[in-house]
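>
Residue numbers (UniProt numbering): 1 to 560.
#1: How close, in whole Å, do the beta carbons of residue 341 and residue 530 come, if the pair is a contact with beta carbons under 8 Å?
#2: Beta-carbon within less than 7 Å of residue 399's beta-carbon, same chain only, minus the 5 sequence neighbours each way: which residues are those?
#3: Run through DSSP, which three-state label would residue 85 get?
#4: I'd like the list of long-range same chain contacts for residue 325, defined as Cβ closer than 6 Å, with 5 residues on each side in sequence excluded.
#5: Under the three-state reduction of DSSP, which class applies to residue 151: helix, strand or coil?
#6: For residue 93, which residues does DSSP report across the bridge?
#7: DSSP state of residue 488, grouped into three classes?
#8: Would you identify the three-state DSSP class for residue 244, choosing helix, strand or coil?
#9: Taking the alpha carbon of residue 384 as the reference point, which residue from 49, 53 and 291 has its own alpha carbon closest?
#10: Pairing CB atoms from the region 274 to 289 with CB atoms from the region 312 to 329, are three or more of them under 8 Å?
#11: Please state the DSSP three-state secondary structure of residue 24.
#12: To the nearest whole angstrom, what separates the beta carbons of residue 77 and residue 374, a pair I think is in contact under 8 Å?
#13: Residues in the same chain with beta-carbon distance under 7 Å from residue 461, minus the five sequence neighbours each way, listed in chain order, please.
#14: Compare the C-alpha of residue 412 against each of 430, 101 and 336 and name the closest.
#15: From this set, 517, 271 and 468, which residue's C-alpha is nearest residue 452's C-alpha?
#16: So, helix, strand or coil for residue 311, using DSSP?
#17: Helix or strand or just coil, what does DSSP make of residue 72?
#18: Entirely within the region 284 to 368 and at least 3 residues each: give me those beta strand (DSSP E) ranges in chain order.
#19: Tell me whether residue 81 is buried or exposed, calling it buried when 16 or more other Cβ atoms sit within 10 Å of its Cβ.
#20: Given a threshold of 16 other Cβ atoms within 10 Å of its Cβ, counted over all protein chains shown, does residue 200 qualify as buried or as exposed?
#21: Taking only three categories from DSSP, how would you classify residue 217?
#22: Closest to residue 332 by CA distance: which of 356, 290 and 133 is it?
#23: So which of 104, 148, 113 and 153 has the shortest CA-CA distance to residue 132?
#24: Quick check on the DSSP output: what are the complete beta strand (DSSP E) runs of length 3 or more inside the region 144 to 197, in order along the chain?
#25: So what's residue 116 in DSSP terms, helix, strand or just coil?
#26: Looking only at its chain, what residues have a beta carbon closer than 6 Å to the beta carbon of residue 556, apart from the 5 residues adjacent to it on each side?
#27: So for residue 59, helix, strand or coil by DSSP?
#28: Tell me the rounded alpha-carbon separation between residue 523 and residue 343.
#29: Can you give me the start and stop residues for the beta strand (DSSP E) that residue 445 sits inside?
#30: Report the rounded CA-to-CA distance for residue 319 versus residue 470, giving the unit in angstroms.
#31: Can you have a look at residue 309 and say buried or exposed, based on whether 16 or more other CB atoms are within 10 angstroms of its CB?
#32: What does a CB cutoff of less than 8 Å around residue 424 pick up in its chain, not counting 5 residues either side in sequence?
#33: Where does residue 114 land, buried or exposed, given buried means 16+ other C-beta within 10 angstroms?
#34: Taking buried to mean at least 16 other C-beta atoms within 10 Å of its own C-beta, is residue 257 buried or exposed?
#35: Going by alpha carbons, who is nearest to residue 267 out of 287, 305 and 406?
#36: Determine the closest residue to residue 378 out of 110, 157 and 322, with distance taken between C-alpha atoms.
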């Protein structure tokens, strides 16, 4: 692998597109967070949306990945520059309950695993941590993140350091070989106490992906409630985040039996979802049908908690950043639509570009990582541009700059429908600059504050705005199992769907992939009508006099 790259290579990232993201994102100072119904809020009662990235620190080395490639502070700054406000920082239980491990120095840990080149890289990029204990090195990462205004969720990912997860790794459920419940509570208490004075630590995730043959609901309540009480007693300021069963896919048991804790205003639930959660279904099935099934499953197993008044933190999701994985690509189009619609909190897997050592492989390339192998560049900038749309809240306490309205979101691009002028077609653009819409009981999409509605014209032609909004071609319904095809009907009975061309112009086209065709990809026609109360950053005035007069003149001439 050779000598680690010079740290100056990281300047490529700082010159990237994400300066614009920083302008659009709300900036959060370190503050105690709590919950207000389904929202996470600060001390002023304003919503704080967790838009996190996972940073791995639970493998055999027990040091945050990437520190042999770049200085801690450089990585922390990059997280902010990419628009994330939060890190879900993983930790293995044994690091905090086994003194012989926690007292090891970073150098000793790498030496014990024969990772000589990584030590050389640490000497170049992070010499100050090389002879710190593993515990103090972990604290140094949290401190660096705080210095760069990044919130931290401390995630107990596993007990015995190593890659996670399988049903039979001895780390899956209470009573497994490496999962003693009493030691786990002891570890949670120690971590909560250790970081009590670091104000950027805003939450603790009790345990990652409970699983395995021993898992059962009664023990979940018994021990998760005990762990939650221990964390809150040790540090009452942090959010207490509880995961579900079956690799954190399932919280459905909470429908009938609510959690019983002595405290309130701090409880958040978390779930995970990847394409491979459903095997190869996305690749082998019809995407509309699979999307509908998966969304229903997510809502039945965890999404319902939003309606019960709890925040839902999707603490792991992600996709192959190379863009060549069909299963991942189709899944992510569906998932991003749901993320925009529900406006939940989330943590992307993963920041990591490469690992010191994973599953016996030195320097393993992480294709799900937003960083490249050298931690020097962004692996896929277009992917980060897509998710930037959901890094800011669409709604919630403190985000009531305008009355409730709709945005028309396009998951494949992460953009929203906007109007440039009367005489240019509707197009996709940043959601912060898109138009506000009203979706009426009669199924018309009307520009807020106007009489102008979205209309279908002809197949292959741009969608248009008009004022004759009672005809069939002005009615738009979400059809297909995915509920993301927006369909309208022409006078001759032809059904057309909104679509997008290669220049992001919005037009109407024959609805595709509505059958059981498994090779068809409907992504360009997937739109989601989402709720928002954010003021849009639009400077144009709809009622520009010359345009409005000319537009009305053309419209009535056509009618006559």
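Note that CB positions come from ideal geometry on N, CA and C, so glycine has one too.
Taking the coordinates as given:
#1: As a first step, residue 341 must be located in the chain shown, where it is residue number 341. As a first step, residue 530 must be located in the chain shown, where it is residue number 530. Yes, they are in contact, since the Cβ atoms of residue 341 and residue 530 sit about 5 Å apart, within 8 Å.
#2: Along the chain shown, one-based indexing puts residue 399 at 399. Closer than 7 Å at Cβ, skipping near neighbours: 47, 393, 533 and 534.
#3: Against the chain shown, residue 85 aligns to sequence position 85. Three-state result, residue 85: coil.
#4: For the purposes of this step, residue 325 is identified with residue 325 of the chain shown, where counting begins at 1. Within the same chain, residue 325 has no close Cβ partners at all.
#5: As a first step, residue 151 is located in the chain shown; it is residue number 151 there, counting from the start. Reduced to three states, the DSSP call for residue 151 is strand.
#6: Counting from 1 along the chain shown, the entry for residue 93 is found at position 93. Per DSSP, none; premise fails for residue 93.
#7: Position 488 of the chain shown holds residue 488. It is a strand residue.
#8: Translated into positions along the chain shown, residue 244 becomes position 244. Coil at residue 244, not helix or strand.
#9: Taking the first residue of the chain shown as 1, we reach residue 384 at position 384. Taking only the C-alpha atoms, the option nearest residue 384 is 53.
#10: yes
#11: Start at 1 with the first residue of the chain shown, and residue 24 comes out as number 24. Any reading at residue 24 must be qualified, since the residue scores a pLDDT of 42, below 50, and its modelled position is unreliable; no value is offered.
#12: Start at 1 with the first residue of the chain shown, and residue 77 comes out as number 77. Start at 1 with the first residue of the chain shown, and residue 374 comes out as number 374. Incorrect: roughly 17 Å between the Cβ atoms, too far for contact.
#13: Position 461 of the chain shown holds residue 461. The answer, listed in chain order, is 507 and 508.
#14: Your numbering for residue 412 matches position 412 in the chain shown. Per the Cα distances, 336.
#15: The residue you call residue 452 lines up with position 452 of the chain shown. Nearest C-alpha to residue 452: 468.
#16: Here residue 311 is taken as the residue at index 311 of the chain shown, counted from 1. DSSP places residue 311 in coil when its eight states are reduced to three.
#17: One-based indexing of the chain shown puts residue 72 at position 72. If DSSP states are grouped into helix, strand and coil, residue 72 belongs with the helices.
#18: 312 to 317 and 345 to 348
#19: The residue labelled residue 81 in the question sits at position 81 within the chain shown. Residue 81 comes out buried.
#20: On the chain shown, residue 200 is found 200 positions in, with the first residue counted as 1. Answer is buried; the Cβ neighbour count reaches 16.
#21: Working through the chain shown from its first residue, we reach residue 217 at position 217. Here residue 217 sits in helix by DSSP.
#22: If you number the chain shown from 1, residue 332 lands on position 332. For the residues 356, 290 and 133, the minimum Cα distance to residue 332 belongs to 290.
#23: Stepping through the chain shown from its first residue, residue 132 is reached at position 132. Residue 132 has its Cα closest to that of 104, out of 104, 148, 113 and 153.
#24: 151 to 158
#25: In the chain shown, the residue the question calls residue 116 occupies position 116. Residue state, collapsed to three classes: helix.
#26: Residue 556 sits at position 556 when you count from the first residue of the chain shown. Since pLDDT at residue 556 reaches only 43, below the 50 mark, its modelled position is unreliable, and the value read off the structure follows with that caveat. So no residue of the chain qualifies.
#27: Residue numbering aside, residue 59 sits at position 59 when the chain shown is read from its first letter. Residue 59 falls in the coil class under three-state DSSP.
#28: In the chain shown, the residue the question calls residue 523 occupies position 523. In the chain shown, the residue the question calls residue 343 occupies position 343. The alpha-carbon atoms of residue 523 and residue 343 are separated by roughly 20 Å.
#29: The residue labelled residue 445 in the question sits at position 445 within the chain shown. Per DSSP, residue 445 belongs to the beta strand (DSSP E) from 445 to 447.
#30: Along the chain shown, read from residue 1 onward, the residue named residue 319 stands at position 319. Along the chain shown, read from residue 1 onward, the residue named residue 470 stands at position 470. So the alpha carbons of these two residues sit roughly 42 Å apart.
#31: Within the chain shown, the letter at position 309 stands for residue 309. Burial call: exposed.
#32: For the purposes of this step, residue 424 is identified with residue 424 of the chain shown, where counting begins at 1. If we look at residue 424 and ignore the five residues flanking it on each side, it has no Cβ neighbours.
#33: Taking the first residue of the chain shown as 1, we reach residue 114 at position 114. Residue 114 should be labelled exposed.
#34: Locating residue 257 in the chain shown gives position 257, where the first residue counts as 1. With fewer than 16 other Cβ atoms within 10 Å, it is exposed.
#35: As a first step, residue 267 must be located in the chain shown, where it is residue number 267. Ranking 287, 305 and 406 by Cα distance to residue 267 puts 305 first.
#36: The residue given as residue 378 occupies position 378 in the chain shown. Nearest of 110, 157 and 322 to residue 378, Cα basis: 322.
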